[in-house]
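Participant: A single structure is presented below for examination.
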Amino acid sequence: MHLALRTIASLSIALTLVACSSDDSSSSGEAPNIDGWVGAQNLNNAQVVVNQVAESGQVAVDANGIYIGLRESTDSLSKFIATVNVAESTLLIARGQIANVDKDNNNLATTGSCQVKLGCTVEGSEYAFAEYFPATSGFEWRTIIFNADNGSRNNVNAITTMAEAYA
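With mature numbering (1 follows the signal peptide of the UniProt record, and there is no 0) applied, the sequence shown covers -21 to -1, 1 to 146.
Here's what the structure looks like:
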């Protein structure tokens, strides 16, 4: 019985990972551009770290433990575009960012859109439906991509974070 439950759980996680990435074939030898979306709250200017996963299963970090990789930002509809290596597995990490935290770039602070018709309360402040609120902390979501295809859709949210933890 325990083996059957474990098998069902493993299949569920595998299906979740497959469902979170589209299957758009590409035979180009170039590094593909993938499309991605972060969450469901129209997170604007969320930082997305694109990190290659080594064959050992480890990701690259610098001496301070900070992820090495390209950094992309989302638009007002939570969309980002990133370039990845076809033959490598890629870890995407999405999180809020503080304005101008990266000294090499002029970064804007992450904001999220209130998705509740009656309005939202965020850190004691009231926001109307579709109004943007500060979202610089409180989330760090992940997903992993195996064999990325050019133009593939890749979601980064709480569900993909859970699936990535079991991959």
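Just so you know, even glycine gets a beta-carbon here, dropped at the ideal spot from N, CA and C. This one's a predicted model, so the numbers in the text were calculated from it and none came from an experiment.
Indicate the three-state DSSP secondary structure (helix, strand or coil) for residue 137 in the structure shown.
Facilitator: Reduced to three states, the DSSP call for residue 137 is helix.
Participant: For residue 127, does the three-state DSSP call read helix, strand or coil?
Facilitator: Residue state, collapsed to three classes: coil.
Participant: Nearest to residue 115 by alpha carbon, out of 79, 134, 132 and 141?
Facilitator: Measuring from the Cα of residue 115, the nearest candidate turns out to be 79.
Participant: Which stretch, first to last residue, makes up the beta strand (DSSP E) that contains residue 96?
Facilitator: Run containing residue 96: none; DSSP gives neither H nor E here.
Participant: Using the three-state DSSP reduction, which class does residue 143 fall into: helix, strand or coil?
Facilitator: In this structure, residue 143 counts as helix in the three-state DSSP scheme.
Participant: Apart from the five residues just before and just after residue 64, which ones in its own chain have a Cβ nearer than 7 Å to its Cβ?
Facilitator: These residues qualify, in order along the chain: 10 and 31.
Participant: Spatial neighbours of residue 28 within its chain, please: C-beta separation below 6 Å, excluding the five flanking residues on both sides.
Facilitator: So the list reads 46, 48, 50 and 72, once near-sequence residues are dropped.
Participant: Which one of 35, 136 and 75 has the shortest CA to CA distance from residue 89?
Facilitator: When each option's Cα is compared against that of residue 89, the closest is 75.
Participant: Under a three-way DSSP split, which group does residue 7 fall into?
Facilitator: Low confidence applies to residue 7: its pLDDT is 49, below 50, so where it sits in the model is not reliable enough to give any reading.
Participant: Please return the same chain residues whose Cβ sits closer than 6 Å to the Cβ of residue 17, not counting the five positions on each side in sequence.
Facilitator: So the list reads 25, 53, 57, 73 and 135, once near-sequence residues are dropped.
Participant: Can you round the beta-carbon distance between residue 23 and residue 55 to whole angstroms, since I take them to be within the 8 Å contact cut?
Facilitator: With 8 Å as the limit, residue 23 and residue 55 qualify as a contact, their Cβ atoms being about 4 Å apart.
Participant: Select from 61, 44, 37 and 38 the residue whose C-alpha is nearest the C-alpha of residue 14.
Facilitator: The option with the nearest alpha carbon to residue 14 is 61.
Participant: Go to residue 103, then tell me how far its beta strand (DSSP E) extends in each direction, as first and last residue.
Facilitator: Where residue 103 is concerned, there is no enclosing beta strand (DSSP E), given that its DSSP letter is neither H nor E.
Participant: Measuring only the C-alpha atoms, how far is residue 66 from residue 141?
Facilitator: Roughly 24 Å between the two C-alpha positions.
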